[in-house]
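Colleague: Residue numbers (the working numbering), protein chains in the order written: chain A, 6 to 534; chain B, 6 to 534; chain C, 6 to 534.
Glycine included, each C-beta is placed from N, C-alpha and C at the ideal position.
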Amino acid sequence: MDPKSAGSRYLHISGIFYHGGSKRLLQESTMTKVALVVLILVGVFGIGTARSAEVAISEATAACLDCHSIVHPGIVNDWQNSLHAKITPQEALAVKGVARKVSSATVPENLQNVAVGCAECHMLRPEAHTDTFDHNDYRIHVVISPDDCKVCHAIEGEQYSKNIMAHAYGNLADNALFQKLEHSILAGTRYQDTKINLAPANNATKAEACYYCHGTRLELSGYETRDTDAAGELKFPIIKGWPNQGVGRINLDGSMGACSACHSRHAFSIEMARKPYTCQECHVGPDVPAFKIYEASKHGNIFAAMHSSWDFTAVPWTIGKDFNAPTCAACHISLLVNTDEEVVVERTHQVNNRLPWRIFGLIYAHPHPQKPDTSIIRNKDDLPLPTDFDGGFATTYLIDEKEREVRKQAMQASCLNCHDSSWVRGHWQRFENTIRETNGATRTATLIMEDIWRNGFADKKGSPYNEAIERQWSDTWLFYSNSIRFASAMAGGGDYSVFAGGRYHLSKTLLELSDWFEMRKKPDSVTKK
Amino acid sequence: MDPKSAGSRYLHISGIFYHGGSKRLLQESTMTKVALVVLILVGVFGIGTARSAEVAISEATAACLDCHSIVHPGIVNDWQNSLHAKITPQEALAVKGVARKVSSATVPENLQNVAVGCAECHMLRPEAHTDTFDHNDYRIHVVISPDDCKVCHAIEGEQYSKNIMAHAYGNLADNALFQKLEHSILAGTRYQDTKINLAPANNATKAEACYYCHGTRLELSGYETRDTDAAGELKFPIIKGWPNQGVGRINLDGSMGACSACHSRHAFSIEMARKPYTCQECHVGPDVPAFKIYEASKHGNIFAAMHSSWDFTAVPWTIGKDFNAPTCAACHISLLVNTDEEVVVERTHQVNNRLPWRIFGLIYAHPHPQKPDTSIIRNKDDLPLPTDFDGGFATTYLIDEKEREVRKQAMQASCLNCHDSSWVRGHWQRFENTIRETNGATRTATLIMEDIWRNGFADKKGSPYNEAIERQWSDTWLFYSNSIRFASAMAGGGDYSVFAGGRYHLSKTLLELSDWFEMRKKPDSVTKK
Amino acid sequence: MDPKSAGSRYLHISGIFYHGGSKRLLQESTMTKVALVVLILVGVFGIGTARSAEVAISEATAACLDCHSIVHPGIVNDWQNSLHAKITPQEALAVKGVARKVSSATVPENLQNVAVGCAECHMLRPEAHTDTFDHNDYRIHVVISPDDCKVCHAIEGEQYSKNIMAHAYGNLADNALFQKLEHSILAGTRYQDTKINLAPANNATKAEACYYCHGTRLELSGYETRDTDAAGELKFPIIKGWPNQGVGRINLDGSMGACSACHSRHAFSIEMARKPYTCQECHVGPDVPAFKIYEASKHGNIFAAMHSSWDFTAVPWTIGKDFNAPTCAACHISLLVNTDEEVVVERTHQVNNRLPWRIFGLIYAHPHPQKPDTSIIRNKDDLPLPTDFDGGFATTYLIDEKEREVRKQAMQASCLNCHDSSWVRGHWQRFENTIRETNGATRTATLIMEDIWRNGFADKKGSPYNEAIERQWSDTWLFYSNSIRFASAMAGGGDYSVFAGGRYHLSKTLLELSDWFEMRKKPDSVTKK
């Protein structure tokens with residue numbers, strides 16, 4: 006297909022110089038100048054990924070840009086700076102080996118020779134999306150889903166669908182026990198006759214609390230007509246649960262997740278996803294304090310001090326050449342090669358491929374679940390938990406020792422490029438020791454709590470989370486044990502392991518549980534020693 | 006005025022090369038070389054704002070630099086790198102339209118053709134400043150005030166005087182109820198007969214605690230003679246409350262505020278003020294956790310990952326060209342234009358021009374006060390609070406719905422450059438829902454607290470903040486509800502909305518208030534369920 | 006010595022281009038091209054410290070690189086980018102005056118004319134290290150110690166040995182009272198008959214908790230044979246306590262400390278050590294919240310906003326030219342000069358050379374100990390503490406007023422380059438006021454605690470840290486008073502001084518101690534007011 010044929014116009018990658026505001030494309034004479042600028046830019050800054058400085062855009066995308074470059078200049082500019090605007094799928098498919106970013110064997114012919122523009126995504130698979138609507142003679146949908154992205158990025162889409170994060174909505178919303186915790190945290194309150202009464206949280210609260218990260222369930226609830234500056238009255242769909250970019254968002258095509266959770270719209274940048282700030286959005290703690298602990302680790306220190314000279318766009322990502330200390334992505338997701346261009350570890354968007362242990366969110370750390378849908382798990386008491394209250398594993402639903410070994414080796418493959426095997430082994434032994442020790446501490450907390458329940462000073466029946474003392478208990482495993490385990494896993498010991506919500510607070514809370522219990526047990530409330 | 010005329014000498018902007026240590030200006034021969042270097046620097050680094058590479062400095066400033074470039078090289082260098090050293094007011098006044106930074110219609114003639122140097126500010130309005138003193142035959146003052154800056158930056162000075170931040174000293178010091186909270190936090194303590202006795206905090210403590218941000222009241226308390234390396238014995242004023250750069254500092258000319266709070270001395274940089282780190286100084290939390298929440302938001306993520314390629318000095322500031330995600334300044338202060346150079350939102354130094362709701366610092370979120378002096382507000386119980394203890398608004402003193410709508414639209418104007426109106430509306434609905442819900446929760450906390458007071462287990466009379474249980478209550482509205490509201494306002498949901506001092510802790514504290522109350526009510530202290 | 010003589014080969018500094026994977030050195034023809042690249046790099050990026058683009062490497066280091074550039078490309082690349090690979094000790098010794106980095110008068114002749122490569126450090130002083138072993142016909146040791154680094158960096162090694170940080174292991178492990186606190190935090194727990202029983206923490210837990218920062222005691226525990234990809238079966242030492250980079254690590258040559266704690270392996274970069282992220286690893290808080298407070302201070306704001314244009318590699322470090330606001334290193338360690346190249350303050354690796362007061366870690370702030378080994382200190386009750394429980398100083402062991410004055414002036418020397426003396430004096434008066442006030446508050450907390458002990462509601466005998474209420478007490482001095490003092494010392498007032506673990510929480514905890522005590526004292530548990 007000739008890129009100059011009907012149905013496509015040229016976009017000279019100019020970023021600053023593209024002037025959509027003129028409501029028509031640039032004149033040829035201007036284009037020559039722009040092309041010159043582009044060539045200079047390519048020469049100077051080495052935007053070398055693009056095979057050509059000229060990338061055609063589709064007629065439909067050109068129509069989008071005519072208005073939206075004026076009304077939404079921010080996102081249009083993000084897109085113009087993105088690879089999606091700078092390279093066609095056909096060129097991307099021609100890249101061989103580990104440098105290739107488009108993992109689909111092929112892409113639909115109509116997409117191959119134009120930039121991946123507005124229309125290419127927002128008009129993709131129109132029949133699959135319930136929010137598809139007529140917009141200035143084009144049938145577009147608002148919400149792009151992983152199944153849209155999967156058209157070009159098949160392997161990543163497939164892997165992500167098996168990622169526990171893709172199932173984050175249902176793993177919370179469909180777990181009866183987690184729903185009790187959610188309710189006790191988000192509920193509206195009314196105080197009457199010295200009692201706090203709880204009313205179910207409304208959807209607006211849910212959407213900006215737990216489901217901000219877990220993802221909302223999107224639903225088409227109707228249509229509305231709005232008067233627009235650019236084109237007068239237009240009809241738009243009304244979408245419940247919107248906006249949201251949670252990792253497990255239930256999309257209007259039924260797919261799960263949002264690639265934009267990490268690859269922010271509309272730059273969809275690998276650079277951003279590789280930097281730890283992206284993960285911070287949902288993992289700042291204290292429940293999952295991964296980002297804070299990374300910051301205070303040796304790796305985080307090296308990143309903070311030196312990363313301005315690293316290359317976050319290179320694919321593959323070469324250890325020691327492109328970067329000198331791992332970020333979150335390096336350990337968990339990215340394709341890494343060594344300076345001999347040998348693959349150190351394969352890219353995966355199923356994050357637990359390199360994770361033998363699940364170290365947060367539950368009473369005890371435990372082997373990773375076999376399946377991403379964790380709502381199906383039942384422990385020996387028939388509760389939807391991967392462990393019993395006494396710490397035993399619901400082994401039927403969890404990966405076995407052999408699979409843990411495979412994942413451990415996948416993780417350690419990258420460590421071994423900077424650390425000798427005795428270092429890595431010593432680190433890992435401490436990590437598994439810490440899993441055992443923190444499980445022991447939350448077992449102690451749970452035994453005290455069970456004693457309190459048994460003695461009738463608190464009531465487990467309705468919910469194990471809706472009394473003050475029960476929240477002391479949940480602090481031990483929801484926050485403190487997690488901090489300690491993340492500090493251990495990421496060699497970010499020191500403060501987060503001890504004084505910053507670590508062992509100091511874990512041991513203090515055990516003492517407080519015990520102190521509270523003792524106070525209730527003694528009728529005269531005096532407990533001299 | 007010829008810049009080479011008497012009363013001014015040349016400063017070749019050379020940063021590194023200016024050698025004040027010689028105690029005289031550079032010889033002509035050296036100056037030629039320096040000028041060459043300057044031209045090269047201007048060529049290579051594009052210090053293009055200055056019309057000319059040669060900026061005259063006044064005789065008085067030259068005299069200052071003779072000594073101070075040796076004794077205070079750090080701040081002299083900051084100034085040399087600043088626009089104040091690189092462009093004259095006359096040149097700045099010649100800039101047309103939205104790019105103009107000097108907002109006064111004109112500036113005094115003696116200032117027009119020299120760099121804005123030491124003397125231009127420290128010798129301005131000598132009669133207005135009580136700290137003006139003779140210093141090597143010049144009459145200078147130590148503390149520069151907004152009224153000094155206003156000589157060139159009239160609009161910003163005027164706006165800032167209406168900014169609630171300018172009144173931060175009096176809004177705390179002149180509010181009897183806030184003084185009780187301040188006292189209970191800052192007081193010195195003595196323990197006697199099992200009682201904690203409080204003694205008023207001294208000024209040194211106050212200056213580095215609440216008034217570090219709110220600003221101190223400066224007062225001339227006398228003079229002293231000091232032996233200096235550079236010039237032997239010299240007389241200097243002694244200023245109570247110094248040093249301080251709080252936003253509501255009471256200056257020695259009676260004006261309020263410190264421009265250097267955000268535009269740090271002596272670079273007075275727009276770049277620094279536009280980056281979020283500046284706001285972090287006073288808004289890191291947990292009372293106003295704006296910075297932390299920004300860091301963990303999508304906007305903060307984009308800033309952190311990408312801002313090294315943004316332009317923080319361009320005026321006006323173009324969305325999508327100069328920056329791709331808002332910083333604090335972008336939403337609250339800066340003049341923003343779109344890529345068609347149309348004004349998106351006007352610059353304002355009266356920050357609440359874009360804020361309909363006040364979401365922190367008080368028991369309930371409420372409409373913004375009409376006037377920046379909040380110490381005049383009285384609720385229906387005649388207390389200096391914008392709401393009653395039961396949540397009702399002191400409407401006489403607060404902006405009405407119409408004004409709230411105006412401010413909401415001013416704020417949303419920038420959002421709409423990257424987000425469609427359904428996104429913005431959805432976001433805002435959640436925000437206003439969260440205001441209602443958190444007000445509901447602090448109402449519950451207050452009802453429990455009132456029950457505790459009514460039952461005599463705590464005493465509200467002296468102060469509602471000086472017993473342990475009263476501080477549990479203040480935690481709910483001073484920290485947790487604020488976190489939740491900021492997380493909502495800034496779309497930084499997730500952790501700060503729930504687990505990092507959010508709804509998890511708000512709901513837990515309600516349970517703890519109730520648990521504490523229940524324990525006191527039951528004489529046998531056993532409360533089986 | 007001719008660098009081309011036997012015993013050394015050339016390494017052309019090429020970073021990317023060095024191809025150790027070939028298992029032999031590059032051919033001459035290739036070397037010419039590489040040299041050209043190097044010259045260009047030196048020209049363009051100004052790697053100007055090296056006298057020559059050609060640095061010889063020793064035969065032994067070449068042998069290391071043959072394998073390790075393949076198996077450990079990350080660290081080999083770090084080294085290639087380091088000054089150790091770019092300049093020989095002889096060249097470094099030739100540098101005159103304050104720019105000189107090698108402080109030893111001379112270095113052993115065999116090291117003078119080759120890069121400081123793998124072998125130069127890992128084969129140094131083989132007889133001194135108990136982990137020295139045969140490795141492919143070379144006798145190497147795994148763990149590099151300060152005594153190794155001292156061969157070239159004599160003054161820094163000597164100073165660091167007197168640094169309290171070098172003694173961090175023993176200062177914790179050999180202090181009986183600190184061991185009780187450590188035990189109560191790290192112990193394993195068993196719950197039996199409503200009692201929490203503590204079992205000593207294992208070494209793995211210790212190594213990643215307190216001793217992650219303090220340093221572990223390394224011990225050779227035997228040898229093992231491992232099958233390696235690169236060279237088949239090889240014998241390696243097994244080292245207890247490994248890995249660790251704590252500041253007070255007890256090394257296998259008996260020396261104390263790890264230079265790599267701050268100068269991360271294998272770049273050993275002055276740039277990294279000068280940035281505050283390095284200090285964050287152990288000083289993020291809440292026990293020593295120095296990093297967080299720096300971030301929220303004016304200095305931290307200037308650093309964050311502007312440091313991308315500063316020079317962190319220049320030696321000496323020029324105030325106003327290389328940097329415009331201090332980092333941790335600038336105030337505490339670095340050699341600083343002014344723009345006249347006069348020394349402002351000498352470099353020191355004995356950090357308390359500029360510290361009159363010790364403001365963390367103990368019940369009361371106090372003058373710095375005279376000797377770095379603090380385990381020898383005894384207070385008037387014969388406890389290993391620098392103060393009594395009532396706040397009196399164990400003066401025999403602490404520096405006197407004269408020495409405090411010397412250190413204060415050393416610290417203030419750098420302040421005075423940007424601040425006039427009234428500013429600095431005002432700041433320091435507040436700081437010393439805060440030391441007194443916070444000591445007063447922890448005295449109040451201790452008096453309440455002593456009342457609780459005296460009344461038998463808690464038991465001090467076994468340990469003063471293993472009951473819930475005792476931990477409330479330790480919170481006051483271990484966290485809150487420290488936050489307040491660091492905020493004062495670093496002019497990072499505002500939140501960390503008040504609401505972020507500052508005076509708000511200190512005063513609240515006093516009230517809670519009192520509330521808890523009152524509840525136990527009243528048999529009917531009802532305390533109406």
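Nearest by alpha-carbon distance to N249 (chain B): which of B:G220, B:Y228, B:S274 is it?
Modeller: Position 244 of the second sequence, counted from the first residue, corresponds to residue 249 (chain B). Measuring from the Cα of N249 (chain B), the nearest candidate turns out to be B:G220.
Colleague: For C69 (chain B), go through chain A and note every residue whose CB falls closer than 8 Å to its CB, in chain order.
Modeller: Taking the first residue of the second sequence as 1, we reach residue 69 (chain B) at position 64. The premise fails here: C69 (chain B) is roughly 36 Å from chain A at the closest Cβ pair, so nothing lies under 8 Å.
Colleague: By the criterion of Cβ-Cβ separation under 9 Å, what are the contact partners of V207 (chain B) in chain C?
Modeller: The residue you call residue 207 (chain B) lines up with position 202 of the second sequence. Residue identity differs from the one stated: residue 207 (chain B) is Asn in this sequence, not Val. Those are N438, E442, listed as they occur along chain C.
Colleague: Select from C:S488, C:V289, C:D393, C:A463 the residue whose C-alpha is nearest the C-alpha of D520 (chain A).
Modeller: As a position in the first sequence, residue 520 (chain A) is number 515, starting the count at 1. Checking every option, the nearest Cα to that of D520 (chain A) belongs to C:A463.
Colleague: Check the Cβ-Cβ distances between M495 (chain A) and every residue of chain B, and say whether any is below 8 Å.
Modeller: If you number the first sequence from 1, residue 495 (chain A) lands on position 490. Cβ-Cβ to chain B under 8 Å: no for M495 (chain A).
Colleague: Between the region 295-303 of chain C and the region 495-515 of chain C, can you find at least three pairs of beta-carbon atoms closer than 8 Å?
Modeller: Result yes; three or more Cβ-Cβ pairs closer than 8 Å.
Colleague: So with CB distances below 7 Å, who are the chain A contacts of R476 (chain C)?
Modeller: Here residue 476 (chain C) refers to the residue found at position 471 when the third sequence is read from its first residue. Here the neighbours are K513, L516.
Colleague: Looking at L182 (chain C) and the ligand FMN, is the gap between the Cβ and the nearest heavy atom below 7 Å?
Modeller: This structure lacks the ligand FMN; in fact it carries no ligand of any kind.
Colleague: Could you tell me the distance, in whole angstroms, from the CA atom of P543 (chain B) to the CA atom of T447 (chain B)?
Modeller: Residue 543 (chain B) is absent from the model: chain B starts at 6 and stops at 534.
Colleague: Is there contact here, the region 227-235 of chain A with the region 143-159 of chain A, by at least three beta-carbon pairs under 8 Å?
Modeller: At 8 Å Cβ cutoff, the stretches do not touch.
Colleague: Would you identify the three-state DSSP class for D153 (chain B), choosing helix, strand or coil?
Modeller: Residue numbering aside, residue 153 (chain B) sits at position 148 when the second sequence is read from its first letter. DSSP places D153 (chain B) in helix when its eight states are reduced to three.
Colleague: When the Cα of S302 (chain C) is compared with those of B:Y282, B:H268, B:T439, which residue comes out closest?
Modeller: The residue you call residue 302 (chain C) lines up with position 297 of the third sequence. Closest option to S302 (chain C), Cα to Cα, is B:Y282.
Colleague: Taking any Cβ of chain B, which residues in the region 405-435 of chain C have a Cβ under 8 Å from it, in chain order?
Modeller: Under the 8 Å Cβ criterion, the region 405-435 of chain C contributes L421, N422, C423, H424, D425, S426, S427, W428, G431, H432, Q434, R435.
Colleague: Give the interface partners of A1 (chain C) over in chain B, defined as CB-CB distance under 8 Å, in chain order.
Modeller: As displayed, chain C neither begins before 6 nor continues past 534, which places residue 1 (chain C) out of reach and without an answer.
Colleague: If we count the other Cβ atoms within 10 Å of its Cβ and call it buried at 16 or more, is P331 (chain B) buried or exposed?
Modeller: Here residue 331 (chain B) is taken as the residue at index 326 of the second sequence, counted from 1. When all chains shown are included, P331 (chain B) counts as buried.
Colleague: Which runs of the alpha helix (DSSP H) fall wholly inside the region 184-248 of chain C and span at least 4 residues, in chain order?
Modeller: Listed in chain order, they are 208-213, 215-219.
Colleague: With a threshold of 7 Å on Cβ separation, who are the neighbours of R222 (chain A) within its own chain once the five nearest residues in sequence on each side are excluded?
Modeller: On the first sequence, residue 222 (chain A) is found 217 positions in, with the first residue counted as 1. Hits under 7 Å: Y174, G246, I255.
Colleague: Quick check: the Cα distance between T379 (chain B) and A399 (chain B), rounded to an integer number of angstroms?
Modeller: Indexing the second sequence from 1 puts residue 379 (chain B) at position 374. Indexing the second sequence from 1 puts residue 399 (chain B) at position 394. Going from the Cα of T379 (chain B) to the Cα of A399 (chain B) covers about 12 Å.
Colleague: Helix, strand or coil: which one does DSSP assign to D405 (chain B)?
Modeller: Translated into the one-based positions of the second sequence, residue 405 (chain B) becomes position 400. Three-state result, D405 (chain B): coil.
Colleague: With distances taken from CA atoms, which of A:H268, A:A272, A:V289, A:E286 is nearest R279 (chain A)?
Modeller: Counting from one through the first sequence, the residue named residue 279 (chain A) turns up at place 274. Comparing Cα positions, the closest option is A:H268.
Colleague: What does E523 (chain B) reach in chain E if we use C-beta pairs closer than 9 Å?
Modeller: Among the protein chains in the structure shown, which are A, B and C, there is no chain E.
Colleague: Under 8 Å Cβ to Cβ from A192 (chain A), same chain only, skipping five residues before and after it: list those, please.
Modeller: The residue you call residue 192 (chain A) lines up with position 187 of the first sequence. Closer than 8 Å at Cβ, skipping near neighbours: L203, A204, P205, A206.
Colleague: Taking contact to mean 3 or more Cβ pairs, one atom from each stretch, closer than 8 Å, check whether the region 133-146 of chain A and the region 102-122 of chain A are in contact.
Modeller: The region 133-146 of chain A, when compared against the region 102-122 of chain A, does not touch it at the 8 Å Cβ threshold.
Colleague: Using beta carbons (cut-off 8 Å, strictly below), is E300 (chain B) in contact with chain A?
Modeller: Within the second sequence, numbered from 1, the residue matching residue 300 (chain B) stands at position 295. Yes, E300 (chain B) lies at the interface with chain A (some Cβ there is under 8 Å from its Cβ).
Colleague: Counting only beta-carbon atoms, is V350 (chain A) nearer than 8 Å to chain B?
Modeller: Translated into positions along the first sequence, residue 350 (chain A) becomes position 345. It does not: the Cβ of V350 (chain A) has no partner Cβ on chain B nearer than 8 Å.
Colleague: In angstroms with no decimal places, state the Cα-to-Cα distance between H73 (chain A) and D83 (chain A).
Modeller: Position 68 of the first sequence, counting from 1, holds the residue named residue 73 (chain A). Position 78 of the first sequence, counting from 1, holds the residue named residue 83 (chain A). If you take the alpha carbons of H73 (chain A) and D83 (chain A), they lie about 12 Å apart.
Colleague: Classify L511 (chain B) as helix, strand or coil using the three-state DSSP reduction.
Modeller: Locating residue 511 (chain B) in the second sequence gives position 506, counting from the first residue. Correct three-state label for L511 (chain B): helix.
Colleague: Looking at chain A, which residues of the region 145-167 of chain C have a Cβ within less than 8 Å of any of its Cβ atoms?
Modeller: Flagged, chain order: V147.
Colleague: Please check if any C-beta of chain A sits within less than 8 Å of the C-beta of H77 (chain C).
Modeller: Position 72 of the third sequence, counted from the start, is the residue given in the question as residue 77 (chain C). Closer than 8 Å to some Cβ of chain A, the Cβ of H77 (chain C) qualifies, so yes.
Colleague: Could you give the distance in angstroms between the alpha-carbon of G208 (chain C) and the alpha-carbon of Y369 (chain A)?
Modeller: Counted from its first residue, the third sequence places residue 208 (chain C) at position 203. Counted from its first residue, the first sequence places residue 369 (chain A) at position 364. In the sequence as displayed, the identity of residue 208 (chain C) is Asn instead of Gly. The alpha-carbon atoms of N208 (chain C) and Y369 (chain A) are separated by roughly 22 Å.
Colleague: Anyone know if the C-beta pair for S426 (chain C) and C336 (chain C) falls short of 8 Å?
Modeller: Residue mapping note: residue 426 (chain C) aligns to position 421 of the third sequence, counting from 1. Residue mapping note: residue 336 (chain C) aligns to position 331 of the third sequence, counting from 1. Contact flag unset, no.
Colleague: Buried or exposed: where does E351 (chain C) fall if 16 or more other Cβ atoms within 10 Å of its Cβ makes it buried?
Modeller: Along the third sequence, one-based indexing puts residue 351 (chain C) at 346. Classification of E351 (chain C): exposed, given that the 10 Å Cβ count is below 16.
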